[in-house]
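Chemist:
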Amino acid sequence: MRFTLALGAALTTAVAGTIAIPASAQIQQGDVLVRARAIMVAPNERSDAVTPGFPGSKLGVDDSFAPEVDFTYMLTDHLGTELILATTKHSVIGRGTIAALDKVASTWVLPPTLTLQYHFLPKGHVRPYLGAGVNYTIFYSDKASDSLVKAIGPTDVHLNDSFGYALQAGIDVDISKRVFVNLDVKYIDIDTTARLDTGAAVNRSRVHIDPIVAGVGIGIRL
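The numbering of the sequence shown is the numbering used here, which starts it at 1480 and goes up by one.
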């Protein structure tokens, strides 16, 4: 709720600031847009059971907050391509028959995403856009939790990297000739297989993470 209110407040402030903006504040072919956002990553996860050792179990992934940087190059006045860079840390949560363990692992996620955007009003001071593209997610620094190690012994955790699609919607609102406020929401298709190696025992679970990534930030037109 606090995050949603912050987004709304930022947009209200930005729109109010457009009243005094000169008519030259626009985007066009060849422009480079750089944005810095604060993002919330909210997984819409679902998983298979952790098999064969934990029938009836599930795995979940918690929310995370992080900074994000992105770069947009305007191919035409209306079309731009955006590269999105951020990394977040998440806890993997036990559910179902392993819910008592709570956190079973942690991992860092690096999901570079490239989208092609359509900007509806490139000559306006309020510029909505839609985008679609591809995502490659790298999981690194995977680590078993203390509760999992205590329950089943020393365990190596590994999450497979993921390749999927991304959908995007956003809006830029000018606050000066070159500076603007940005609101952005993405859906990212992320699927992985979590592997838990405990001595001779190997357990796996297919996890669909599929997060909504909502962000607010400041951008500059170079």
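Even for Gly, the Cβ is constructed at its ideal location relative to N, Cα and C.
Would you report the Cα separation of residue 1608 and residue 1532, rounded to the nearest angstrom?
Modeler: Taking the first residue of the sequence shown as position 1, residue 1608 is located at position 129. Taking the first residue of the sequence shown as position 1, residue 1532 is located at position 53. Near 47 Å, if we compare the C-alpha coordinates of residue 1532 and residue 1608.
Chemist: Should residue 1530 go down as buried or exposed, given a rule of 16 or more other Cβ atoms within 10 Å for buried?
Modeler: Counted from its first residue, the sequence shown places residue 1530 at position 51. So residue 1530 counts as exposed.
Chemist: With a cut-off of 8 Å, do at least 3 Cβ pairs link the region 1620-1635 to the region 1505-1524?
Modeler: With a cut-off of 8 Å, the region 1505-1524 and the region 1620-1635 do not count as touching, because too few Cβ pairs lie within range.
Chemist: With a threshold of 8 Å, are at least 3 pairs of Cβ atoms found where one atom belongs to the region 1642-1657 and the other to the region 1674-1688?
Modeler: With a cut-off of 8 Å, the region 1674-1688 and the region 1642-1657 do not count as touching, because too few Cβ pairs lie within range.
Chemist: List the endpoints of the continuous alpha helix (DSSP H) containing residue 1602.
Modeler: Against the sequence shown, residue 1602 aligns to sequence position 123. Element bounds for residue 1602: n/a, residue is neither H nor E.
Chemist: Pick helix, strand or coil for residue 1581, following the three-state DSSP scheme.
Modeler: By one-based count along the sequence shown, residue 1581 stands at place 102. Residue 1581: coil per DSSP, three-state reduction.
Chemist: For residue 1523, count neighbouring C-beta atoms within 10 Å of its own C-beta (all shown protein chains included) and say buried if the count is 16 or more, exposed if not.
Modeler: As a position in the sequence shown, residue 1523 is number 44, starting the count at 1. Burial call: exposed.
Chemist: Per DSSP, residue 1526 is paired with what?
Modeler: On the sequence shown, residue 1526 is found 47 positions in, with the first residue counted as 1. Residue 1526 is bridged to 1686.
Chemist: Quick one: what does DSSP say residue 1629 is sitting in, helix, strand or coil?
Modeler: Taking the first residue of the sequence shown as position 1, residue 1629 is located at position 150. Three-state result, residue 1629: helix.
Chemist: Let me check one thing: in DSSP terms, what residues is residue 1598 bridge-paired to?
Modeler: Looking up residue 1598 in the sequence shown gives position 119. Answer by DSSP bridge pairing, in chain order: 1608.
Chemist: Which same chain residues end up closer than 7 Å to residue 1700 when comparing Cβ atoms and leaving out the 5 residues on each side of it in sequence?
Modeler: Taking the sequence shown and counting its residues from 1, one reaches residue 1700 at position 221. Result list for residue 1700: 1506, 1510, 1512 and 1657, in chain order.
Chemist: As a quick exercise: from 1633, 1517 and 1595, pick the residue whose alpha carbon is nearest that of residue 1565.
Modeler: Translated into positions along the sequence shown, residue 1565 becomes position 86. When each option's Cα is compared against that of residue 1565, the closest is 1517.
Chemist: Rounded to whole angstroms, what is the Cα-Cα separation between residue 1581 and residue 1654?
Modeler: Working through the sequence shown from its first residue, we reach residue 1581 at position 102. Working through the sequence shown from its first residue, we reach residue 1654 at position 175. Whole-angstrom Cα-Cα distance: 45 Å.
Chemist: Would you call the CB atoms of residue 1612 and residue 1595 closer than 8 Å?
Modeler: Taking the sequence shown and counting its residues from 1, the one referred to as residue 1612 is at position 133. Taking the sequence shown and counting its residues from 1, the one referred to as residue 1595 is at position 116. In contact: residue 1612 and residue 1595 (Cβ atoms closer than 8 Å).
Chemist: Note down the Cα distance separating residue 1638 from residue 1583, rounded to an integer number of angstroms.
Modeler: Along the sequence shown, one-based indexing puts residue 1638 at 159. Along the sequence shown, one-based indexing puts residue 1583 at 104. Each residue's Cα considered, the two are about 13 Å apart.
Chemist: Along the chain, where does the beta strand (DSSP E) containing residue 1672 start, and where does it finish?
Modeler: Sequence index remark: in the sequence shown, residue 1672 carries index 193 (1-based). Looking at the DSSP string, the run of the beta strand (DSSP E) that includes residue 1672 is 1670-1677.
Chemist: If you draw a straight line from the C-alpha of residue 1500 to the C-alpha of residue 1659, how long is it?
Modeler: Mapped onto the sequence shown, residue 1500 falls at position 21. Mapped onto the sequence shown, residue 1659 falls at position 180. Note that residue 1500 scores a pLDDT of 48, beneath 50, so its modelled location is shaky; the value from the coordinates is reported in the next line. Spanning the two alpha carbons is a distance of roughly 11 Å.
Chemist: Should residue 1645 be labelled buried (16 or more other beta-carbon atoms within 10 Å of its own) or exposed?
Modeler: Locating residue 1645 in the sequence shown gives position 166, where the first residue counts as 1. Counting Cβ neighbours within 10 Å, residue 1645 comes out buried, since at least 16 surround it.
Chemist: Check whether the Cβ atoms of residue 1527 and residue 1685 sit closer than 8 Å, and answer yes or no.
Modeler: Translated into the one-based positions of the sequence shown, residue 1527 becomes position 48. Translated into the one-based positions of the sequence shown, residue 1685 becomes position 206. Cβ atoms of residue 1527 and residue 1685: closer than 8 Å.
Chemist: Might you give, ordered along the chain, the residues of its own chain that have their beta carbon closer than 6 Å to the beta carbon of residue 1661, omitting 5 neighbours on each side?
Modeler: Taking the first residue of the sequence shown as position 1, residue 1661 is located at position 182. For residue 1661, where only same-chain residues beyond five positions count, the Cβ hits under 6 Å are 1514, 1651, 1696 and 1698.
Chemist: Let me make sure I understand the geometry here. Which of 1601, 1552, 1688 and 1539 has the alpha-carbon closest to that of residue 1573?
Modeler: On the sequence shown, position 94 is the one that residue 1573 refers to. Cα-wise, what sits closest to residue 1573 is 1539.
Chemist: Could you say which of 1671, 1604 and 1556 lies nearest to residue 1636 if we only look at CA atoms?
Modeler: As a first step, residue 1636 must be located in the sequence shown, where it is residue number 157. Minimum Cα distance to residue 1636 is reached at 1671.
Chemist: Provide the residue(s) that pair with residue 1514 in DSSP beta bridges, ordered along the chain.
Modeler: Walking along the sequence shown from the start, residue 1514 turns up at place 35. DSSP output for residue 1514 lists 1549 and 1698 as bridge partner(s).
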